[in-house]
Amino acid sequence: MAINAIRQWLLKDPAPSAIKCVCADGEVRMVKIDANSRKRFVLAEATIRDIRATQVEALDAKGNTIRLSQVDGVEVDPAPMPAPATPQGTDFQLYARLLADAYKAGADSTAKPTELAFNTLGQLLSLVMKRLDDMQAREVKQVNAALRAAQGEDVPAEDLPPWMQLVSQFMAGAQLGQATQPLPNGKAHEEAP
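Whatever position you read off the sequence shown (first residue = 1), add 9 for our numbering.
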């Protein structure tokens, strides 16, 4: 049985009067269930979680076993804490354990969304990098075409960058204009010496 299924296990018929728990450190504890309390199973579940039971046994009012189950998902401490000398020390140990469990539960609950966010960010970054690589390749191709055109080679217009296409059209128009203008001395059809 998973640790998050303890309450369903407690609610099964017949209802237990007490729970015998074997803790992760091997200690056997009894959890009494108050039949008059409305939250008896919530409190019993919380107690079973707090003592970190690895095995639970439901008992009836006479102490007979109703059902028995192993609890999965309970982590065993590498070294049990020493017993405190004062009641305040016991309270502090309980608070420390509860705080550590809360931090661990918080880390577990945010692990999946954090992993998903980083995976999405990685995919987005790879798409942006691919786009930048494509742009860089296109610019290198256009600069090489512009250099070839400047050296006098014939380059297809679609290989040239847009600004180079504009300049080449302007230069072609300027050359055409010079060819059709009359010479300054009025001899348009004679060749210059």
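Just so you know, even glycine gets a beta-carbon here, dropped at the ideal spot from N, CA and C. Everything numeric in this text was worked out from a predicted model, so none of it was measured.
Query: Where the alpha helix (DSSP H) containing ALA109 begins and where it ends; Result: 96-159
Query: C-alpha distance - LYS139 paired with ALA120, whole-angstrom precision; Result: 29 Å
Query: Segment contact flag, the stretch 146-161 with the stretch 127-137, C-beta cutoff 8 Å, min 3 pairs; Result: no
Query: Exposure label - LEU18; buried when at least 16 CB within 10 Å; Result: One point to set straight first is that residue 18 is Trp, not Leu, in the sequence displayed. Classification of TRP18: buried, given that the 10 Å Cβ count is 16 or more.
Query: Host alpha helix (DSSP H) of LEU169 (start-end); Result: Run containing LEU169: none; DSSP gives neither H nor E here.
Query: Alpha-carbon to alpha-carbon, THR129 and ASP81; Result: 33 Å
Query: Inter-residue spacing [alpha-carbon to alpha-carbon] between CYS30 and ALA24; Result: 16 Å
Query: Residue interval of the alpha helix (DSSP H) (run including ARG58); Result: 49-59
Query: Whole-number beta carbon distance between ILE75 and ILE57, since they are thought to touch under 8 Å; Result: ILE57 to ILE75, Cβ: 15 Å. No contact.
Query: Through-space distance from PRO122 to ALA14, alpha-carbon basis; Result: 24 Å
Query: DSSP bridge partner residues for THR74 (one or two, in chain order); Result: LEU68
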